[in-house]
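Engineer:
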Amino acid sequence: MILPSSFFHHSDVVNLARELIGKILVTETEGIRTSGIIVETEAYRGADDRACHAHNYRRTARTETMFKSGGHAYVYLCYGIHPLFNIVTNVEGEPDAVLIRAVQPTDGIEWMRERRPRVKDAKLGSGPGCVTKALGIDRKQNGKLLIPSEGMWLEENTLAPIEFAIEARTRIGVDYAGEDAQRLWRFVMAGNPCVSKP
DNA sequence: TTGACGATAGTCT
DNA sequence: GACTATCGTCAAC
Numbered sequence: 079m080i081l082p083s084s085f086f087h088h089s090d091v092v093n094l095a096r097e098l099i100g101k102i103l104v105t106e107t108e109g110i111r112t113s114g115i116i117v118e119t120e121a122y123r124g125a126d127d128r129a130c131h132a133h134n135y136r137r138t139a140r141t142e143t144m145f146k147s148g149g150h151a152y153v154y155l156c157y158g159i160h161p162l163f164n165i166v167t168n169v170e171g172e173p174d175a176v177l178i179r180a181v182q183p184t185d186g187i188e189w190m191r192e193r194r195p196r197v198k199d200a201k202l203g204s205g206p207g208c209v210t211k212a213l214g215i216d217r218k219q220n221g222k223l224l225i226p227s228e229g230m231w232l233e234e235n236t237l238a239p240i241e242f243a244i245e246a247r248t249r250i251g252v253d254y255a256g257e258d259a260q261r262l263w264r265f266v267m268a269g270n271p272c273v274s275k276p
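Residues in the first sequence are numbered consecutively from 79, following my numbering.
1. Looking at the strands, I want to know which residues DSSP matches up with Thr112.
2. Evaluate Glu106 with the Cβ neighbour count: other Cβ atoms within 10 Å of its Cβ, from every protein chain shown; 16 or more gives buried, anything less gives exposed.
3. Alpha carbon to alpha carbon, what distance is there between Gly203 and Phe265?
4. The alpha helix (DSSP H) spanning Ile187 covers which residue range?
5. Buried or exposed, going by whether 16 or more other CB atoms sit within 10 Å of the CB of Ala95?
6. What first and last residue would you give for the alpha helix (DSSP H) that runs through Val252?
7. Under the rule that 16 or more other beta-carbon atoms within 10 Å means buried, what is Lys211, buried or exposed?
8. Between which two residues does the alpha helix (DSSP H) containing Thr210 stretch?
9. Is the region 134-149 touching the region 182-196, taking contact as three or more C-beta pairs under 8 Å?
10. According to DSSP, simplified to helix, strand and coil, what is Asp174?
11. Looking only at its chain, what residues have a beta carbon closer than 8 Å to the beta carbon of Leu262, apart from the 5 residues adjacent to it on each side?
12. Would a C-beta distance cut-off of 9 Å place Thr133 and Tyr154 closer than the cut-off?
13. Output yes or no for whether 9 Å exceeds the beta carbon distance between Val117 and Asn270.
14. Report yes if the C-beta distance between Phe163 and Val209 is below 9 Å; otherwise report no.
15. Hey, could you find the ends of the alpha helix (DSSP H) Leu94 is sitting in?
16. Which residue from Lys201, Asp216, Trp231 puts its Cα closest to that of Gly158?
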């Protein structure tokens, strides 16, 4: 079952980040279909979160995408090398987003191996830059809706539901955000080997 | 117009 | 475990 855009219109981005654990992210680019179970996410909230690019509703050319309504993709370049994939949430005008930090590969593993040579299967999607590379996501997808006709969407995991616990942890690489760096806004599927290292 | 700096990953020691 | 590749973004000049 495909998740509709309305799923991402909830105002509580933190709760949504937790809900997304276990969902399936699917991409279909250049005729290649790849997908993975989301095992790690982070919440970023524009209103009052210094770790967020759009904190305090800061509006720039880059953050404009985060002001869209929930269900859009926000893809930006980090360290000049890695595209990172986020899902915009909340209603138009509230710049909230969920960063997808890790996935467990399901469909199209052979393509992911080709995109990421010399990498073990469990590590194919283990990190925010790895996720985009394994699934073939880049900055061209920025601002697009997460629907099949755009080549990216999310699904409920109804075919192979799995039991899992969710752990809340602090976010990675946001030390500059002061007290906001202490927020437990990272969620991981407990014990899953595909979760990113630190 | 310029320069400092990242929501990192891969390689080398 | 440390080192660096690499460039868009943004604020200050």
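All C-beta atoms, glycine included, are put in the ideal place defined by N, C-alpha and C.
Structural biologist: So, to answer that:
1. Answer by DSSP bridge pairing, in chain order: Thr105.
2. Under this definition Glu106 is a buried residue.
3. Each residue's alpha carbon lies about 16 Å from the other.
4. Looking at the DSSP string, the run of the alpha helix (DSSP H) that includes Ile187 is 187-193.
5. Buried, because 16 or more other Cβ atoms sit within 10 Å of the Cβ of Ala95.
6. Annotation for Val252: no alpha helix (DSSP H) segment contains it, and DSSP assigns it neither H nor E.
7. Lys211 should be labelled buried.
8. Its alpha helix (DSSP H) spans residues 206-213.
9. At 8 Å Cβ cutoff, the stretches do not touch.
10. In the structure shown, Asp174 sits in a strand (DSSP, three-state: E or B).
11. Excluding sequence neighbours, Leu262 sits near Ala246, Arg247, Thr248.
12. Here the sequence assigns His to residue 133, which means Thr is not the residue at that position. Taking a C-beta distance under 9 Å as the contact criterion, His133 and Tyr154 do not qualify as a contact pair.
13. One thing to note: Val117 has its Cβ within 9 Å of the Cβ of Asn270.
14. Yes, the Cβ-Cβ distance between Phe163 and Val209 is below 9 Å.
15. Taken as a continuous stretch (DSSP letters only), the alpha helix (DSSP H) holding Leu94 covers 91-97.
16. Checking every option, the nearest Cα to that of Gly158 belongs to Asp216.
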